[in-house]
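In this note's numbering, the protein residues as written are 51 to 692. Input: a single structure, listed below in structure tokens.
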Ligand code: MIC
Ligand code: SF4
């Protein structure tokens, strides 16, 4: 029987389990990537594993998130990351070299290989035909140590593309259309594979825009075939020797096929505060705009920024708009400079920022109070921009330019004719921003600043759990709600006791105080709990505050794995209607839970306050049960587990 792309790559890397959707499998990992905001924890965990060197084919440590240095913390962390990389055989992409996903695509991605990254947008490299998956830092640390990656065998959906994009309609509009159809939980447990004749009209950076934002579907990953366009991209990058063709078999099976006719697509926009809140741009009537941000790992390729520059050439940013531009990498930055586009961007009055995540993660450029901000990014969760009441819209760079020039949300087709850009046939490939590891690792001293606090380690699970419901949330809670990012909080990523002070701070400012006063407790959630980022801090910091169990209607994949990794028990309601039978402040008990889990028995949660029993389910493998009972993955591995 024929195989699809995902099945082909998984089959070639499978070390445990059967490839039936929903079954537990383990795959080997060829490459890893980390970024600085999740990397410090990941490397502290790697160090705790006590190995001499990474065992992957390639591991790269990027610095792209914590770039504002308003105190010593971020600079100290960068120095730690550089020295730790140097010692353990890891390549170090220095600050200024670019956003991890963009640089990885340009310089390291290889079709057919597996990539595990401590960032939820790792699937960007699916654009070059990799099986690229986002995970928590601890899973990446284990993979660097040669350990397999455990996941549920995904179901595979096909997005069948026909036709060709019209002027001003872009790759971003394709993924916004997929989000409109599938929603932010439509991809959970699935791989989204792209195929059909329309694929041939898309370049690798365009494909990467689509696979990047596939993260917002909650998908395990998204992937494109590796074809002549992939070869051309790798040739431009002087890496054609790494190219291999990769296509799905003609009789490959898919759980579902979604058809999109590119000819019929129109410019789309995601309204506040969710990436699936998608409508046609022309349906948003002249909303006044205060800020426009172009860049991020979704839309900051050479073509994106040259098109932006061509549209802005000879014009000025609207006086009421602040417009920022962040090139995705040093290579993109150099190329747009060499091509003259940078001059046009500067002349337009746009604010050019270094190659990094920047405004996407609230690292500077927080908009004014109540501002409308139109961004070419991938997430518009509340507060993520750094301004609590900002209204963030997500759209293509073209739609962003239309807003920047007119001062209002405007269909970009109203700008007239799309200027033709001529992409360079040659670019400067300069890897000096990537520092190779030391040849004499024994001599390397790891430098740790005072911001790096020791890793908190959980206790093994108690036999009976009892405590109070400290918080009850609604559906689609994001990790940005649980553990906010931004310029104030991100520098504390290496310091769990300090960062724990911010858990749920925008949702309920009293949460941390309550958790401390009650010495921990439980959280109740709705559907798709923990969607968004891969940050394990959204599990680690609650663990530090004594959260022992989270009971929801359903979980997002990476957050679920992170909870297990840190020994927090994830449970779901057997009957979602029971969600209404628990309130904040209720006292709950799970009698003999540790023994019951070990035998695989059914579990009930006693609501002592209301005097009722609530049936719950857990989808944990025997290995995961052992991990939770041990108090987390680090305890498990140190105890000899694999
Ligand atoms: C994000 O886009 O939310 C981040 C910041 O890149 C995160 C990682 C993090 O929280 O450090 C992600 O997407 O995984
Ligand atoms: Fe960086 Fe934003 Fe991409 Fe996350 S989504 S990796 S913060 S650019």
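Here a beta-carbon is modelled for each residue, glycine too, at the ideal position from N, C-alpha and C. No experiment lies behind these values; they were computed from the predicted model shown.
The three-state reading of DSSP puts residue 373 in strand, counting E and B together.
Taking a cut-off of 8 Å for Cβ pairs, the stretch 232–248 and the stretch 94–104 do not touch, as fewer than three such pairs fall below it. Burial state of residue 309 is exposed, judged by a 10 Å Cβ sphere holding fewer than 16 other Cβ atoms. The Cβ atoms of residue 437 and residue 416 sit closer than 7 Å to each other.
Secondary structure note for residue 528: it is in no beta strand (DSSP E), with a DSSP letter that is neither H nor E.
Not one heavy atom of ligand 1 is found less than 6 Å from the C-beta of residue 127.
Contact between the stretch 576–590 and the stretch 542–555 is present, with at least three C-beta pairs closer than 8 Å. As computed with DSSP, residue 579 is found in a beta bridge with 605. Under the three-state reduction of DSSP, residue 447 is assigned to helix. The residues 501 and 541, in chain order, have a CB closer than 6 Å to that of residue 123 in the same chain once the five nearest residues on each side in sequence are set aside. Going by DSSP, residue 567 is part of no beta strand (DSSP E) but of the alpha helix (DSSP H) stretching over 561–567. Around the C-beta of residue 262, 16 or more other C-beta atoms lie within 10 Å, and the residue is accordingly described as buried. Taking C-beta atoms under 8 Å as the contact rule, residue 658 and residue 638 qualify, at a distance of about 7 Å. Residue burial annotation: residue 515 is buried, with at least 16 other C-beta atoms found within 10 angstroms of its C-beta. Here DSSP, grouped into helix, strand and coil, assigns residue 200 to strand. Approximately 6 Å separates the beta-carbon atoms of residue 371 and residue 457; this is inside 8 Å, confirming the contact. Put simply, of 172, 566 and 266 the residue whose alpha carbon is nearest the alpha carbon of residue 591 is 566. Pairwise C-beta distances place the stretch 367–385 out of contact with the stretch 315–322, as fewer than three of them are shorter than 8 Å. Distance check between residue 601 and each of 211, 615, 583 and 622 places 622 closest, using alpha-carbon atoms only. Inclusion of residue 82 and residue 179 in the CB contact set at 7 Å is not warranted, their separation being larger than that value. Under the three-state reduction of DSSP output, residue 431 falls in the coil class, being neither helix nor strand. Rounded to the nearest angstrom, the Cβ distance from residue 439 to residue 419 is 6 Å, consistent with a contact under 8 Å. Spatial neighbours of residue 62 in its own chain (CB-CB distance under 6 Å, excluding positions within 5 residues in sequence) are not present. In chain order, the residues positioned with their C-beta nearer than 5 Å to some heavy atom of ligand 1 are 87, 88, 169, 170, 411, 583, 584 and 585. Here DSSP, grouped into helix, strand and coil, assigns residue 541 to helix.
Looking at the DSSP output, residue 109 sits in a beta bridge with 82.
Separation of residue 270 and residue 200 (C-alpha to C-alpha, rounded to the nearest whole angstrom) is 12 Å. A heavy atom of ligand 2 is found nearer than 6 Å to the CB of residue 149.
As for any alpha helix (DSSP H) of minimum length 4 sitting wholly inside the stretch 258–298, the runs are 278–286, ordered along the chain. Rounded to whole angstroms, the separation of the alpha carbons of residue 298 and residue 475 is 29 Å. Taking residue 397 as reference, the option from 191, 359, 532 and 283 with the minimal CA-CA separation is 359. DSSP lists 208 and 273 as the beta-bridge partner residues of residue 243.
Across the structure, residue 278 and residue 524 are spaced so that their CA atoms are roughly 46 Å apart. The three-state reading of DSSP puts residue 343 in strand, counting E and B together. If you check the CB distance, residue 640 and residue 655 come in under 7 Å. Burial state of residue 335 is exposed, judged by a 10 Å Cβ sphere holding fewer than 16 other Cβ atoms.
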